[in-house]
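Below is one structure, written out as structure tokens; comments come after it.
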Amino acid sequence: MACRITELVIDCADPQRLADFWCEVLDYVELGWEDGALEIGPPGAGFGGLQPTLVFIPSTEPKGGKLPVHFDVNPTDRDQAAELERLLAAGARRVDIGQPSNATWHVLADPEGNEFCLLRRPVEAPEGRPRTR
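Residues in the sequence shown are numbered from 1 upward in steps of one, following UniProt numbering.
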């Protein structure tokens, strides 16, 4: 038997702000608050589903510098250019980390500066469901 990733925990200054952003990006919903932490996850699946939930924990000591882990996301119902515009409109910003000018991915940051990459290849929405937004 093996383990499975069920939650990704993110220290942050403003859990609600990051939860709202990542709900928009991933088509997740708010699952609830517990001990000051806010958890979001896939609608209808929640904790323990095939996709991990995200838990935002308030922290007065935000991490500085490049984090050792980042998210990669893929569009599910549009091409990369259209998804890039959607993410920028949701509050992401472009980040230059020295990626090549001909890179097939875009490096972005969420509202608190956590880096993530938008990859080119579209993938099917989780569990075959279309996006709801």
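Where a beta carbon is used, it is the ideal one built from N, C-alpha and C, also for glycine. In this text the structure is predicted, and so the values were computed from the model without any measurement.
Straight-line gap, residue i to residue j (C-alpha atoms, nearest Å)
i    : j   : result
G48  : F21 : 22 Å
V9   : W33 : 13 Å
R120 : G36 : 36 Å
K63  : R4  : 26 Å
Per-residue DSSP class, three states only, for residue i
i           : result
W22         : helix
residue 143 : No answer is possible for residue 143: the residues shown for the chain start at 1 and end at 133.
A37         : strand
E124        : coil
8 Å Cβ cutoff, residue i in contact with chain D
i   : result
R94 : Here chain D cannot be found, since the structure has a single protein chain.
Identity of the residues DSSP links to residue i by a beta bridge
i           : result
residue 137 : Here the chain comprises residues numbered 1 to 133, so residue 137 is not present and cannot be evaluated.
R86         : Beta-bridge pairing links R86 to no other residue.
R94         : L108
Option in the options with minimal Cα separation from residue i
i    : options             : result
P111 : V25, T104, T60, G98 : V25
L108 : Y28, I57, L118      : L118
- request: Kindly confirm or deny that the stretch 40-58 and the stretch 83-99 touch, where touching means at least three C-beta pairs closer than 8 Å.
  value: no
query: Taking three-plus beta-carbon pairs below 8 Å as touching, is the stretch 68-80 in contact with the stretch 37-48?
result: no
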